[in-house]
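Everything on this sheet refers to the single structure shown next.
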Amino acid sequence: MLLFHLKHAVMKDLIRAKTLISENVERLLNQQVKMEAYSSAVYLAMASWCNRNGFDYSSEYFFKQAEEEREHQLKFYKYILDMGGNAVSPDVTINKHEYNSFREVFEDALDQEVNVTQSIKNIYANCLKEQDFVTNEFLNWFLREQREEEYKARRALELFDVIGEQGTGNWEIDKHIGKIKYDSEV
Ligand SMILES: [Fe+2]
Ligand SMILES: [Fe+2]
Numbered sequence: 344m345l346l347f348h349l350k351h352a353v354m355k356d357l358i359r360a361k362t363l364i365s366e367n368v369e370r371l372l373n374q375q376v377k378m379e380a381y382s383s384a385v386y387l388a389m390a391s392w393c394n395r396n397g398f399d400y401s402s403e404y405f406f407k408q409a410e411e412e413r414e415h416q417l418k419f420y421k422y423i424l425d426m427g428g429n430a431v432s433p434d435v436t437i438n439k440h441e442y443n444s445f446r447e448v449f450e451d452a453l454d455q456e457v458n459v460t461q462s463i464k465n466i467y468a469n470c471l472k473e474q475d476f477v478t479n480e481f482l483n484w485f486l487r488e489q490r491e492e493e494y495k496a497r498r499a500l501e502l503f504d505v506i507g508e509q510g511t512g513n514w515e516i517d518k519h520i521g522k523i524k525y526d527s528e529v
């Protein structure tokens, strides 16, 4: 039995020798793969709801967001493999397909982006502890991306207060959602 454990431990070390990331970081990155896939699926549900309710610009906006989240998922996925780790194709289920209001869609979208930022910061903190500077360098792109993602989500929600939902307000808001841009050189 002891021999088995010893052999097992050595085998595990051998496998680890081929990877540049720790088991802990690999687990966190796979968790992030799943989170990005989940975000993509949620944005797709939002695109459907907006389309069905006559908000065409917002529907297009969410289709684009869904595509971007899929790209994020693949970036994490490929990074895990590049580092010699085991990337796990995620199982994703979403249970919300309907929204009570146009505004609620954007409240959920902002919540989601804030959660993603928190999650990436958590991986960053873990990597710092482990001195995994390689992964942190990879994560820098995502930190910048989250700045843009949160900006856009906040800007969209602000439109509800600035324009107001009365009368044709929601249709006016929808038109402006199509024009939200974030270009920062810094
Ligand atoms: Fe993302
Ligand atoms: Fe995002």
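Just so you know, the sequence shown maps onto residues 344 to 529 in the working numbering.
Idealized CB from N, CA, C, for every residue including glycine.
Minimum Cα-Cα distance from R395 among the listed residues S444, S365, Q509 corresponds to S444.
L424 is classed as exposed because its beta carbon has fewer than 16 other beta carbons within 10 Å across all chains shown.
For the set D434, E473, L371, K421, the Cα lying nearest the Cα of S462 is the one of L371. The residue from F476, Q374, N458 with its alpha-carbon nearest to that of E493 is N458. In this structure, the CA atom of L453 is about 18 Å from the CA atom of R413. DSSP places G512 in the helix class (H, G or I) of the three-state scheme. Burial check for D517: the Cβ neighbour count within 10 Å reaches 16 or more, so the residue is buried. If you draw a 10 Å sphere on the C-beta of V505, you find fewer than 16 other C-beta atoms in it, and that means exposed. Between ligand 2 and E412, a heavy atom-to-CB distance of less than 7 Å is present. In this structure, S365 and E473 form a Cβ contact; the two beta carbons are roughly 6 Å apart against a cut-off of 8 Å. Counting of Cβ neighbours within 10 angstroms places E369 among the buried residues, the total reaching 16 or more.
In the structure shown, I523 adopts coil according to DSSP, grouped into three states. Taken through DSSP and simplified to helix, strand or coil, F405 comes out as helix.
Closest in C-alpha terms to P433, from the list E501, F503, N373, comes N373.
Residue range 445-473 is occupied by the alpha helix (DSSP H) that includes I463. Here DSSP, grouped into helix, strand and coil, assigns L502 to helix.
Taking non-hydrogen atoms of ligand 1 into account, the C-beta of V459 is found less than 7 Å away from one of them. Here H415 carries a helix assignment [DSSP, helix/strand/coil]. With a threshold of 7 Å, the Cβ atom of S462 does not count as near ligand 1, since no heavy atom of the ligand is closer than that.
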